[in-house]
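Okay, structure first, notes after.
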Amino acid sequence: MINYIGVDDHKIDLFEGQYIVEHGMSYNSYVIMDDLICVLDTVDYNFKDEWLANLKKVLNGREPNYLVVHHMEMDHSANIEAFLNTYKNAKVVASIGAFNMMKNLFENDFVSRRIVVKDNDKLELGHHTLTFFTAPLVHWPEVIFSYESSTKSLFSADAFGKFGALDYEDKDGWACEARRYYFGIVSKFGLNVQNVLKKLSNLEIKTIYPLHGPILKENISYYLNKYDIWSKYEPEDKGVTICYTSVYGNTLKAVQLLKEELEKKKEKVALFDLARSDNAEAIEDAFRYDRLVLATTTYNGDIFPFMKTFIATLEEHNYQNRKVALIENGMWAPNANKIMKEKLSNLKNIEIVQSVTIKGALNAVSKSQIKELALLLSR
Ligand code: FEO
């Protein structure tokens, strides 16, 4: 029997110090009740008492034998010491990398109470058996997944997780906030995700138990397929993401015209003012769709700060394999397209399809260039 003992966090403002989580966050933790009892991961430190109470209730007077630590980021590992102090006979099961991190976090790597696991090691609990798989850099180096064979369950650490507390019913379903989570937190390490997907490819998986978001029970191939597409940096859908900055509204007029023209051609368009939007949403859609337009001003001999940060974030997250068009706006020495091109040249397989220059405000020439750009992008 696999029991949920995680918690919902509605007090958090920014997850991992940067991601807006309007509907909170769940920190998932599970217990397998068998001849031997195995707890899977702890939760954020602020929820220590609630989590220990959830655990105590499920244990119903019994004592746990093991705590498996799939991932050492503090939203999951903060209560390892509290657990070991509460249950004096329990052992911790984790990768060697995780134990090294425990030494830093707790000044203790629990030598007398630890079981170090690597690929294909097993933990027998009675009817249930866990098999471990290393998943380095998905998205920290010490991460392991585990597979419980009697129930065909995958414990996937942060993978397949999403933003949002579990008591919030997300009408957009899993993919929207799982995608923002993936491209914000995991996307730099696509190759590592591909490697772990290969390790899982021979397993029959009926249920995925991630460390955030809902337990995934049906149509498992849907979730695996999304992770396959995302980790290969392939576009998921046809569409144009337009990210812009506008100081006095003229660059905005240009991208609005482009949006209208694209929509006339039945293109899906996602438009983001980088100074005012959640940039994690803009990053998500830049990866989701197959074409991207960047529009900004020349500013202090460089590009506008929000665009600079956005392109740096694209690079940090390994953005690649897309068509990109550029629009610059400058009153006397427009230089933004040249700078954006240079920055994008650091990315793999980016095709710059067109560049448009606006000198302050749209005029007949630049309007017609924007219309041409829409035509080119929709071919
Ligand atoms: Fe949910 Fe990487 O911690």
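Going by my numbering, the sequence shown opens with residue 181, and the numbers climb by one from there.
Ideal Cβ placement from N, Cα and C applies to all residues, glycine included.
- The beta carbons of TRP231 and VAL187 sit closer together than 8 Å.
- In the displayed model, MET205 falls within a strand according to three-state DSSP.
- Distances from the CB of HIS256 to the heavy atoms of the ligand FEO include at least one below 7 Å.
- Of the heavy atoms belonging to the ligand FEO, none sits nearer than 7 Å to the Cβ of LEU346.
- Per DSSP, ARG468 is one residue of the alpha helix (DSSP H) stretching across 459-468.
- Of LEU334, ARG359, THR331, LYS446, the smallest CA-CA separation from GLY344 is found for ARG359.
- Distance from the Cα of LEU305 is smallest, within the candidate group GLY341, ILE491, LEU216, for LEU216.
- Put simply, the segment 374-387 touches the segment 326-336. At least three CB pairs are less than 8 Å apart.
- With a cut-off of 8 Å on Cβ pairs, the segment 422-433 is in contact with the segment 524-544, counting three or more such pairs.
- Rounded to whole angstroms, the gap between the alpha carbons of LEU194 and ILE200 is 5 Å.
- Straight across, the Cα-Cα distance linking GLU464 with GLY364 is about 7 Å.
- Contact between GLU398 and ALA554 is ruled out by a C-beta separation of about 40 Å, above the 8 Å threshold.
- Taking 8 Å as the cut-off, the beta carbon of SER411 is found closer than this to the beta carbon of GLY370.
- Across the structure, ALA455 and ALA339 are spaced so that their CA atoms are roughly 30 Å apart.
- Residue environment for TYR225: exposed (fewer than 16 other C-beta atoms within 10 angstroms of its C-beta).
- Here DSSP, grouped into helix, strand and coil, assigns LYS503 to strand.
- Residue burial is scored here from C-beta neighbours: ILE295 has fewer than 16 other C-beta atoms within 10 angstroms and is therefore classed as exposed.
- In the three-state reduction of the DSSP assignment, TYR413 falls in the coil class, being assigned neither a helical nor a strand state.
- Taken through DSSP and simplified to helix, strand or coil, ALA455 comes out as coil.
- For ASP193, there is no enclosing alpha helix (DSSP H), since its DSSP letter is neither H nor E.
- For SER546, no beta strand (DSSP E) encloses it; the enclosing alpha helix (DSSP H) starts and ends at 544-557.
- Per DSSP, the beta-bridge partners of ASN509 are THR477, ILE538.
- Of the heavy atoms belonging to the ligand FEO, at least one sits nearer than 7 Å to the Cβ of ASP338.
- Sixteen is the threshold: since fewer than 16 other Cβ atoms of the shown chains lie within 10 Å of the Cβ of VAL545, the residue is exposed.
- Distances from the CB of HIS497 to the heavy atoms of the ligand FEO are all 7 Å or more.
- The alpha carbon of ASN529 has as its nearest neighbour, out of PHE484, ASP470, GLU416, the alpha carbon of ASP470.
- The alpha carbon of PHE325 has as its nearest neighbour, out of ILE260, VAL376, ASN509, the alpha carbon of VAL376.
- Closer than 7 Å to some heavy atom of the ligand FEO: that describes the Cβ of HIS319.
- With fewer than 16 other Cβ atoms from the protein chains shown falling within 10 Å of its own Cβ, GLY197 counts as exposed.
- In the DSSP annotation of this structure, the continuous segment of the beta strand (DSSP E) that includes ARG294 starts and ends at 294-296.
- Within 7 Å of the C-beta of LEU391 there is at least one heavy atom belonging to the ligand FEO.
- In the structure shown, the three-state DSSP call for GLU447 is coil.
- Each residue's CA atom was taken as its position, placing ASN288 and ARG468 some 43 Å apart.
- If you check the C-beta of GLU253 against the ligand FEO, you find a heavy atom less than 7 Å away.
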